[in-house]
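Chains as they are written, first to last, in numbering that gives the first Met the number 0: chain Z, 0 to 574; chain L, 0 to 256; chain E, 0 to 192. Worksheet for the structure shown next.
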Amino acid sequence: MAEVVHVEVGHGEHHDDHHELSFWSKYIFSTDHKIIGFQYMFTGMAMALIGGYFAYVFRMQLAFPGSSIPFWGTLSPAAYNSLVTNHGTIMIFWVAMPVLIAAMGNFLIPLMIGCDDMVFPKINRLSYQIFLLSAIVLLASFFVPGGAFGGAWTSYAPLSAKAQYNSTPFGAPLWLIAVTLEIVAFLLGGINFITTTMNARAKGMKIYDIPMIVWMIVIASILFMCSVGPLVAGAVMLLFDQTLGTAFFDANAGGDPVLWQHLFWFFGHPEVYVVLLPAMGIVAEVTCTFARKKLFSYKLILYSSIGLGILSFFVWAHHQFISGVDPRATYLFTTTTLLISIPVAIMLFAFVATLYGGSIRFTTAMLFALAFTGEFLLGGVTGIWLGSSGTDIYLHDTYFVLAHFHYTFVPIAIIATFAAIYYWFPKMFGRKMNESWGKIHFWGTIIGFNGIFIPLFILGAGGQHRRIYNFQNYPDLAGADMQDMRVFATMSLIVMLVSQIPFLINFIVSIKRGEKAGKNPWKANTLEWVAPSPPPHGNFGPVLPEVYRGPYEYSVDGREKDYWPQNEKPEPEAS
Amino acid sequence: MFEFLDKFMPGILESLLPRASSYAVQIDVLFDVITILVGFWFFLVLGYFFYLIFRYRQRDGHKAEYISGETHKQKQAIEIPHYLILVCDVAIIIPTFLVWFNIKIDVPPPDEEVRIVAQQWAWTFYHAGEDKVLGTEDDIVSVNELHIKNNTQYSYHLESKDVMHNFSVPVFRLKQDAIPGRVISGHFKPILEGEWDIQCAEMCGVAHGIMGARIFIKSEAEHNAWLAANTPATSDTGTLAIVNQNRSQEKKDRNNG
Amino acid sequence: MAHQIVATGRSRTGIPTGRLAVWWIIGSEIVIFGGLIATYLLNRFNHGPSWSAEAAHTNTFIGAANTFWLLTSSLFVVFAHAASERQDAKKTRMWIWLTIMLGGFFMGFKSYEYVTEILHGYTIFTSNFWSFYYLATGLHGFHVLCGMVIMAIIAENDIKNERNWHRVENIGLYWHFVDIVWIFLFPLMYIAK
Numbered sequence: 000m001a002e003v004v005h006v007e008v009g010h011g012e013h014h015d016d017h018h019e020l021s022f023w024s025k026y027i028f029s030t031d032h033k034i035i036g037f038q039y040m041f042t043g044m045a046m047a048l049i050g051g052y053f054a055y056v057f058r059m060q061l062a063f064p065g066s067s068i069p070f071w072g073t074l075s076p077a078a079y080n081s082l083v084t085n086h087g088t089i090m091i092f093w094v095a096m097p098v099l100i101a102a103m104g105n106f107l108i109p110l111m112i113g114c115d116d117m118v119f120p121k122i123n124r125l126s127y128q129i130f131l132l133s134a135i136v137l138l139a140s141f142f143v144p145g146g147a148f149g150g151a152w153t154s155y156a157p158l159s160a161k162a163q164y165n166s167t168p169f170g171a172p173l174w175l176i177a178v179t180l181e182i183v184a185f186l187l188g189g190i191n192f193i194t195t196t197m198n199a200r201a202k203g204m205k206i207y208d209i210p211m212i213v214w215m216i217v218i219a220s221i222l223f224m225c226s227v228g229p230l231v232a233g234a235v236m237l238l239f240d241q242t243l244g245t246a247f248f249d250a251n252a253g254g255d256p257v258l259w260q261h262l263f264w265f266f267g268h269p270e271v272y273v274v275l276l277p278a279m280g281i282v283a284e285v286t287c288t289f290a291r292k293k294l295f296s297y298k299l300i301l302y303s304s305i306g307l308g309i310l311s312f313f314v315w316a317h318h319q320f321i322s323g324v325d326p327r328a329t330y331l332f333t334t335t336t337l338l339i340s341i342p343v344a345i346m347l348f349a350f351v352a353t354l355y356g357g358s359i360r361f362t363t364a365m366l367f368a369l370a371f372t373g374e375f376l377l378g379g380v381t382g383i384w385l386g387s388s389g390t391d392i393y394l395h396d397t398y399f400v401l402a403h404f405h406y407t408f409v410p411i412a413i414i415a416t417f418a419a420i421y422y423w424f425p426k427m428f429g430r431k432m433n434e435s436w437g438k439i440h441f442w443g444t445i446i447g448f449n450g451i452f453i454p455l456f457i458l459g460a461g462g463q464h465r466r467i468y469n470f471q472n473y474p475d476l477a478g479a480d481m482q483d484m485r486v487f488a489t490m491s492l493i494v495m496l497v498s499q500i501p502f503l504i505n506f507i508v509s510i511k512r513g514e515k516a517g518k519n520p521w522k523a524n525t526l527e528w529v530a531p532s533p534p535p536h537g538n539f540g541p542v543l544p545e546v547y548r549g550p551y552e553y554s555v556d557g558r559e560k561d562y563w564p565q566n567e568k569p570e571p572e573a574s
Numbered sequence: 000m001f002e003f004l005d006k007f008m009p010g011i012l013e014s015l016l017p018r019a020s021s022y023a024v025q026i027d028v029l030f031d032v033i034t035i036l037v038g039f040w041f042f043l044v045l046g047y048f049f050y051l052i053f054r055y056r057q058r059d060g061h062k063a064e065y066i067s068g069e070t071h072k073q074k075q076a077i078e079i080p081h082y083l084i085l086v087c088d089v090a091i092i093i094p095t096f097l098v099w100f101n102i103k104i105d106v107p108p109p110d111e112e113v114r115i116v117a118q119q120w121a122w123t124f125y126h127a128g129e130d131k132v133l134g135t136e137d138d139i140v141s142v143n144e145l146h147i148k149n150n151t152q153y154s155y156h157l158e159s160k161d162v163m164h165n166f167s168v169p170v171f172r173l174k175q176d177a178i179p180g181r182v183i184s185g186h187f188k189p190i191l192e193g194e195w196d197i198q199c200a201e202m203c204g205v206a207h208g209i210m211g212a213r214i215f216i217k218s219e220a221e222h223n224a225w226l227a228a229n230t231p232a233t234s235d236t237g238t239l240a241i242v243n244q245n246r247s248q249e250k251k252d253r254n255n256g
Numbered sequence: 000m001a002h003q004i005v006a007t008g009r010s011r012t013g014i015p016t017g018r019l020a021v022w023w024i025i026g027s028e029i030v031i032f033g034g035l036i037a038t039y040l041l042n043r044f045n046h047g048p049s050w051s052a053e054a055a056h057t058n059t060f061i062g063a064a065n066t067f068w069l070l071t072s073s074l075f076v077v078f079a080h081a082a083s084e085r086q087d088a089k090k091t092r093m094w095i096w097l098t099i100m101l102g103g104f105f106m107g108f109k110s111y112e113y114v115t116e117i118l119h120g121y122t123i124f125t126s127n128f129w130s131f132y133y134l135a136t137g138l139h140g141f142h143v144l145c146g147m148v149i150m151a152i153i154a155e156n157d158i159k160n161e162r163n164w165h166r167v168e169n170i171g172l173y174w175h176f177v178d179i180v181w182i183f184l185f186p187l188m189y190i191a192k
């Protein structure tokens with residue numbers, strides 16, 4: 000240990016050599032974890048705008064079928080399918096994953112565990128470059144002959160396996176290559192997060208002193224790593240089917256089309272928790288800071304999240320209740336699916352209990368964190384109708400499913416992300432974002448979001464299916480009252496999208512003109528608030544911090560200040 | 000049992016869409032049971048959540064308490080609700096198993112059979128005809144129109160020619176994937192006369208959105224009249240299929256324009 | 000990088016960071032090959048007789064010889080590790096290059112096997128068994144090739160300049176893993192008939 004301390008002190012002396020860096024080596028080919036975090040964040044935000052634009056186009060088509068859509072034109076069925084497919088793919092793989100895991104993980108993990116960078120900075124840079132390449136490949140698929148893949152984000156074989164079925168001879172392989180590259184990028188990134196957290200923690204930081212979000216990102220990375228392997232194997236098989244003409248998933252030649260569903264959902268369901276856990280971590284951090292409260296039952300939350308991760312490997316077939324799997328298997332999967340409500344409920348209850356006895360400051364970040372807890376609660380409980388195999392016979396692939404998972408994914412990928420951005424913006428750029436504009440953004444987003452999806456629950460319960468580009472073809476669904484709900488949902492979407500304009504303006508203006516934040520604007524405990532804002536290369540200056548206590552020691556009895564930073568030396572005890 | 004429970008339930012799904020099959024009531028009741036249990040918890044937690052937000056807002060001279068949540072007594076605040084959730088889970092799992100068993104595993108002997116073939120992007124229905132045996136000469140083949148007799152136990156055999164499709168009849172609360180290379184059987188018993196939608200509920204390619212069909216549930220007399228009028232002896236199967244095909248083609252053309 | 004990253008030098012678990020990362024890489028690879036092998040087994044159970052008939056045409060002799068090359072190379076990489084512990088650059092390089100040589104034998108036999116099979120009409124399109132055969136052995140062969148390239152780089156770039164000794168152990172772990180995958184593939188593809 001003495002050797003390590005020596006190195007850590009010596010580090011600051013090298014520090015001054017690093018002023019003269021060109022724009023390219025500082026911002027594009029940097030190995031600094033913060034810059035890579037920003038790269039992930041900005042790529043994710045750009046992709047979110049694209050995904051949101053897709054949502055706007057196809058919701059306009061559903062509300063006003065056949066009419067010319069502003070900023071698009073008339074929408075053909077094939078284009079509708081491509082937009083729906085790529086909206087889902089982008090929002091999960093190119094928005095939720097990079098922003099929640101990669102951006103937050105890269106920016107926060109070294110800062111929060113008190114070290115100067117990731118343990119493998121070059122692998123980190125490589126991870127981003129592969130990710131960027133994957134995003135380019137995906138977007139390029141819109142400009143190839145035949146257009147982008149339109150077989151739904153689940154990409155079920157044999158539709159996805161043969162161009163004669165999906166009519167996208169180039170779009171389908173490009174989609175698959177993009178997803179596979181993205182997976183490779185996150186495997187590399189995940190190994191970095193896990194090893195960094197295991198090995199590079201500050202002196203004195205024991206495992207229960209690790210901030211919850213770091214735990215959550217690490218557990219999510221392990222979960223991703225353990226679940227994605229079969230999908231990688233499956234993706235290679237599917238790619239062979241598409242490009243070479245093998246028959247892994249072709250029933251006519253001895254293959255099994257349901258196999259792809261198993262491989263996909265064995266990954267696809269844990270994937271939900273891969274993005275959920277970091278969002279839970281963000282909410283834990285923000286809630287504790289602004290309620291001035293210790294996190295309620297840290298260990299219970301931690302064990303619940305590990306239990307959640309393990310259970311999530313035994314629920315995948317609840318996506319396939321009516322897919323021709325053995326009907327008896329559903330007994331098992333219904334049970335596990337309903338049991339998984341327990342760890343999630345424990346975590347949400349712990350967040351609610353954290354508020355008890357607090358002193359809540361309603362900053363924009365806190366509003367978003369509270370909104371996450373409330374909205375995700377609805378997303379979580381609506382899963383029970385679908386996890387119950389009996390009702391799933393009816394609700395499978397209706398808008399009820401769609402509304403359910405948007406009530407989980409929007410709080411995860413949008414609401415929790417905004418909480419994180421408002422909360423860590425001062426650390427990222429050294430200035431605060433404007434609170435008034437932030438609140439306008441918050442209410443617009445929340446009202447718009449609920450306005451979109453509550454009508455969709457009703458439409459789904461009324462038998463309206465997903466991925467249908469014009470409901471006027473179905474007499475039972477073409478009624479005026481149902482169409483009114485679709486129009487209402489579309490209008491709410493426009494409200495939600497327009498509400499992002501104040502955010503973007505606020506974000507850009509605040510980088511240059513926001514109120515100066517100082518080191519610790521929120522009076523928070525974790526180590527990132529010890530570093531200057533924004534943190535320089537090497538994060539903490541010449542001496543890296545040491546840790547003396549857990550991350551959530553707020554409002555400790557008998558102390559004047561209501562916070563107690565992790566690195567503050569304890570006063571010598573009177574003896 | 001479910002018919003009895005139905006008397007006390009709000010009947011949410013039935014208010015949105017009529018029940019046209021014998022087992023629809025079971026799914027509707029299960030939906031209502033879940034709605035009541037989950038709704039109770041949801042609003043309770045949400046109400047308490049808003050109460051806490053209001054009660055513990057920042058006020059002058061008020062300092063937050065230090066509660067670790069690690070002591071046994073404090074943990075009970077989470078443990079007790081979580082046992083209650085477990086009880087609710089079991090209360091949902093038991094009727095779920097019953098419904099699933101009744102619909103998917105306990106298959107009643109059929110009075111009539113129908114073969115359903117899905118392809119991109121049409122449904123072909125093979126009605127067994129008067130001899131009630133599939134694959135004989137008097138089978139009636141129709142495209143995108145399924146004609147069935149009310150109050151009759153049907154067995155269906157679902158196939159796909161190319162990709163995954165899903166045979167979904169919302170008024171029946173019925174949904175089943177059609178998988179290439181397999182024949183999947185199931186059952187339904189219509190209880191309500193009328194004409195409703197059949198949808199394809201699995202993404203199946205470019206025209207997935209218009210891969211719909213209609214189901215005609217008729218009284219015995221009307222159904223027999225339809226049988227008599229369409230049995231290949233009196234009317235050529237090919238013509239009927241072509242007539243139907245043209246009709247659906249017109250529908251597609253209309254919607255594309 | 001002009002300066003040393005402190006994080007890389009830390010070791011809170013007591014395991015060097017590089018080795019820890021290799022273990023995690025192996026973990027993720029286990030799931031990939033695990034998915035592949037599980038898929039293969041599922042198919043084998045579902046289409047027993049026809050797959051067994053196809054499997055009868057694989058060349059057990061070459062499979063066995065390749066098993067021998069890989070197991071021996073695993074032994075050599077252990078010797079390389081032992082030499083690197085003594086910081087004996089000459090011996091380390093020798094053992095690494097011998098390991099690479101055996102990997103080369105493996106790839107050579109594999110190529111001969113592919114060529115004869117394709118000439119006899121057993122291509123990746125012949126049946127699903129052969130699709131799996133080429134996919135699984137191809138993916139494994141790709142890992143062998145990667146291991147050989149990395150070992151060559153370590154021998155010529157690091158060990159020759161007497162630095163980064165720990166990399167020998169890390170690549171050794173990876174190489175053992177590649178061998179173990181083959182230990183699973185060999186009985187499944189060549190022996191079970």
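Each residue gets a CB set at the ideal place from its N, CA and C atoms; glycine is no exception. None of these values were measured; they are calculated from a predicted model.
Worksheet item: What runs of the beta strand (DSSP E), each 3 residues or longer, lie entirely inside the stretch 106-172 of chain L?
Response: Contiguous beta strand (DSSP E) elements confined to the stretch 106-172 of chain L occur at 111-118, 121-126, 139-142, 144-148, 153-159 and 164-168, taking only those with 3 or more residues.
Worksheet item: Going along the chain, which residues of the stretch 205-224 of chain Z sit with their C-beta nearer than 8 Å to a C-beta in chain E?
Response: Under the 8 Å Cβ criterion, the stretch 205-224 of chain Z contributes Met224.
Worksheet item: Beta-carbon of Asn524/Z versus every beta-carbon of chain E: anything under 8 Å?
Response: Answer no: the Cβ-Cβ gap between Asn524/Z and chain E never drops below 8 Å.
Practice prompt. Might you give, ordered along the chain, the residues of its own chain that have their beta carbon closer than 6 Å to the beta carbon of Ser296/Z, omitting 5 neighbours on each side?
Written response: Ala349
Worksheet item: How about Ile345/Z: is its C-beta nearer than 8 Å to some C-beta of chain L?
Response: yes
Practice prompt. Please compile the residues from chain L whose C-beta is within a distance smaller than 7 Å of the C-beta of Thr242/Z.
Written response: Result: empty, since nearest Cβ-Cβ is about 18 Å, beyond 7 Å.
Worksheet entry | In DSSP terms, what Thr575/Z is bridged to | Nothing can be reported for residue 575/Z: it is not among the residues displayed for chain Z, which extend from 0 to 574.
Fill in: Coarse secondary structure for Pro189/L, derived from DSSP in three states
strand
Discussion item. I need the straight-line Cα distance from Phe142/Z to Lys103/L, nearest angstrom please.
Written reply: 45 Å
Worksheet entry | Other residues of its chain near Gly461/Z: CB distance less than 8 Å, five sequence neighbours each side excluded | Leu476 and Met481
Discussion item. For Leu243/Z and Ala78/Z, I'd like the C-alpha separation in whole angstroms.
Written reply: 26 Å
Worksheet item: Mapping DSSP to helix, strand and coil, what is Gln175/L?
Response: In the three-state DSSP reduction, Gln175/L falls in the strand class (E or B).
Worksheet item: Are the beta-carbon atoms of Ser73/E and Trp164/E separated by less than 8 Å?
Response: no
Worksheet item: Can you find a C-beta in chain L that's less than 8 Å from the C-beta of Glu389/Z?
Response: Reading off the sequence, residue 389/Z comes out as Gly, not Glu. At a cut-off of 8 Å between C-beta atoms, Gly389/Z counts as an interface residue with respect to chain L.
Discussion item. Quick check on the burial criterion: 16 or more other C-beta atoms within 10 angstroms. Buried or exposed for Ile507/Z?
Written reply: Counting C-beta atoms within 10 angstroms of its own C-beta, Ile507/Z has fewer than 16 neighbours from the protein chains shown and is therefore classed as exposed.
Practice prompt. State the start and end residues of the unbroken beta strand (DSSP E) segment that holds Ala212/L.
Written response: Ala212 to Lys217
Discussion item. In whole angstroms, give me the CA-to-CA distance for Ala55/E and Phe248/Z.
Written reply: 23 Å
Item to complete: Select from Ala88/E, Thr57/E and Ser10/E the residue whose C-alpha is nearest the C-alpha of Lys109/E.
Response: Thr57/E
Worksheet item: Start and end of the alpha helix (DSSP H) containing Ile414/Z?
Response: Careful: Ile414/Z lies outside any alpha helix (DSSP H) and carries neither H nor E.
Worksheet item: Along the stretch 17-41 of chain E, what residues have a CB closer than 8 Å to any CB found in chain Z?
Response: Leu19, Ala20, Trp23, Ile24, Gly26, Ser27, Glu28, Ile29, Val30, Ile31, Phe32, Gly33, Gly34, Leu35, Ala37, Thr38 and Leu41
Worksheet item: Phe124/L to Asp196/L, Cα distance in whole Å?
Response: 14 Å
Fill in: C-beta atoms of Trp259/Z and Gly228/Z nearer than 8 Å
no
Discussion item. According to DSSP, is Leu172/E part of a helix, a strand, or is it coil?
Written reply: Looking at Leu172/E - three-state DSSP - the assignment turns out to be helix.
Discussion item. Distance check for Asn165/Z and His164/L, CA to CA, integer angstroms please.
Written reply: So the two alpha carbons sit approximately 13 Å from each other.
Discussion item. Using CA atoms only, rank isn't needed, just tell me which of Val37/L, Arg213/L and Pro169/L is closest to Val24/L.
Written reply: It is Pro169/L.
Worksheet item: Checking contacts by CB at 8 Å: is Ile309/Z closer than that to chain L?
Response: With 8 Å as the cut-off, Ile309/Z does not count as an interface residue toward chain L.
Worksheet item: So what does Lys515/Z bridge to, in DSSP terms?
Response: In DSSP, Lys515/Z forms a bridge with Arg430/Z.
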